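One structure below.
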Amino acid sequence: MIPELEADSLLSHLDMQQYALASLIDTALNNRADLRMAEFNLKMSQHNEQLQKALAVPDLTLAVGYDKNGSYVPNANLISAGFDIPLFNRNQGNIQAARSLVQYQQTQFQQARDNIVSEVTNAYQQALQAQRLYQSVDTSFYPSFQHLLEEVNLNYQHRNISMLELLDMYDAYKQAVLDYQNAQLNRLQTWEKLNYVIGRPIFH
């Protein structure tokens with residue numbers, strides 16, 4: 048009995064060459080959560096650096112007061128202003144730490160981006176290779192193989208071929224079917240891997 052090659056209908060309309068690698072990389076860069084998280088961490092560290100620089104600028108303090116009889120002027124209205132003089136510290140330690148964190152997060156972001164480009168490129172190449180392997184398998188003998196097996200059984204019953212020759216025929220057919228199904232499975236797995244590294248399905 049010829050097995051039904053159920054993946055044929057699914058795989059027949061899939062063509063990796065209709066997708067440009069650059070487009071797939073752009074899609075991955077826009078959809079991968081790990082890159083979004085690295086970008087978020089980078090922005091947070093940049094905001095922190097801005098905050099630490101702002102803290103180095105002294106705050107101006109204003110105060111308003113009223114004194115009825117405690118001053119040499121009765122009913123005195125008082126206004127005072129003050130600010131810290133940052134002669135020594137000026138928050139330089141925190142600014143330097145924030146700047147180092149920004150550099151670290153920039154490195155992490157670039158590394159995440161490079162990893163995504165590499166993963167998508169590798170998955171794309173694997174999918175192309177799996178497609179070429181799948182298309183190289185000759186399936187033209189499948190429709191006529193049922194008749195061929197019937198003829199082999201008939202020849203064996205008439206003692207025209209030996210049991211060993213019969214088993215060799217079955218083994219050859221079994222191996223051919225397994226090779227084809229493995230090619231199907233491998234192709235589907237490469238597409239699923241591509242879906243994963245891109246961050247959204249490009250085929251269903």
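Quick note: the sequence shown, position 113, residue 160 per the working numbering, numbers continuous. All residues carry an ideal CB built from backbone N, CA and C; glycine is no exception. Small disclaimer: the values here were computed from a predicted structure and weren't measured.
E51 burial status per 10 Å Cβ neighbour count (16 or more: buried): Residue numbering aside, residue 51 sits at position 4 when the sequence shown is read from its first letter. Residue placement at E51 is poorly supported in this model, since its pLDDT is 46, which falls under 50; the coordinates are not used for a value here.
Validate contact between the region 146 to 154 and the region 62 to 80 using beta carbons, cut 8 angstroms, 3 pairs: In this structure the region 146 to 154 does not lie against the region 62 to 80, because fewer than three pairs of beta carbons, one per stretch, are closer than 8 angstroms.
G140, DSSP secondary structure in three states: Within the sequence shown, numbered from 1, the residue matching residue 140 stands at position 93. Correct three-state label for G140: helix.
Of the residues P121, Q99, Q231, Y227, the one placed nearest F137, counting alpha carbons only: Taking the first residue of the sequence shown as position 1, residue 137 is located at position 90. Contrary to the premise, residue 137 reads as Arg rather than Phe in this sequence. Residue Q99 is the option with its Cα nearest to R137.
R247 and Y181 closer than 7 angstroms at C-beta: Against the sequence shown, residue 247 aligns to sequence position 200. Against the sequence shown, residue 181 aligns to sequence position 134. In this structure, Y181 does not lie closer than 7 angstroms to R247 by Cβ.
Proximal residues to E96 (C-beta, below 8 angstroms), its chain only, five neighbours per side dropped: By one-based count along the sequence shown, residue 96 stands at place 49. I142, A145, R146, L148, V149, listed in sequence order.
Simplified DSSP state of L76, which is helix, strand or coil: Here residue 76 is taken as the residue at index 29 of the sequence shown, counted from 1. Correct three-state label for L76: helix.
Sequence-distant residues of its chain with Cβ nearer than 6 angstroms to V184 (five each side left out): Here residue 184 refers to the residue found at position 137 of the sequence shown. Only residues of its own chain outside the window of five on either side were considered, and among them Y227, A230 have a CB closer than 6 angstroms to the CB of V184, listed in chain order.
Beta-carbon gap between K90 and A170 smaller than 7 angstroms: Within the sequence shown, residue 90 is the residue found at index 43, counting from 1. Within the sequence shown, residue 170 is the residue found at index 123, counting from 1. K90 is not a Cβ neighbour of A170, given a cutoff of 7 angstroms.
Short Cβ contact (7 angstroms threshold) for I163 with A75: One-based indexing of the sequence shown puts residue 163 at position 116. One-based indexing of the sequence shown puts residue 75 at position 28. Yes. Within cutoff.
Whole-number beta carbon distance between L213 and Y220, since they are thought to touch under 8 angstroms: For the purposes of this step, residue 220 is taken as residue 173 along the sequence shown, with counting starting at 1. For the purposes of this step, residue 213 is taken as residue 166 along the sequence shown, with counting starting at 1. That belief does not hold up - the Cβ atoms of Y220 and L213 are roughly 11 angstroms apart, past 8 angstroms.
Helix, strand or coil at S209 according to DSSP, with G and I counted as helix: For the purposes of this step, residue 209 is identified with residue 162 of the sequence shown, where counting begins at 1. DSSP places S209 in coil when its eight states are reduced to three.
Rounded C-alpha distance that separates L225 from D62: In the sequence shown, residue 225 corresponds to position 178, counting from 1. In the sequence shown, residue 62 corresponds to position 15, counting from 1. Cα atoms of L225 and D62: separation of roughly 22 angstroms, rounded to the nearest angstrom.
Own chain, CB closer than 7 angstroms to M216, minus 5 neighbours either side, in chain order: Reading the sequence shown from its first residue, position 169 is the one you call residue 216. The beta carbon of M216 sits closer than 7 angstroms to those of V199, all from its chain and outside the five residues before and after it, given in chain order.
Three-state secondary structure (DSSP) of D161: Indexing the sequence shown from 1 puts residue 161 at position 114. In the structure shown, D161 falls within a helical segment according to DSSP collapsed to helix, strand and coil.
Beta-carbon gap between V111 and I126 smaller than 7 angstroms: As a working note, residue 111 is residue 64 in the sequence shown. As a working note, residue 126 is residue 79 in the sequence shown. Yes, these two residues count as a Cβ contact at 7 angstroms.
R234, DSSP secondary structure in three states: As a working note, residue 234 is residue 187 in the sequence shown. Here R234 sits in helix by DSSP.
Distance CB(A159)-CB(L82) smaller than 7 angstroms: Locating residue 159 in the sequence shown gives position 112, counting from the first residue. Locating residue 82 in the sequence shown gives position 35, counting from the first residue. Closer than 7 angstroms, so yes.
Whole-Å CB distance - N78 paired with I245, under 8 angstroms assumed: As a first step, residue 78 is located in the sequence shown; it is residue number 31 there, counting from the start. As a first step, residue 245 is located in the sequence shown; it is residue number 198 there, counting from the start. With a Cβ gap of about 6 angstroms, N78 and I245 count as contacting.
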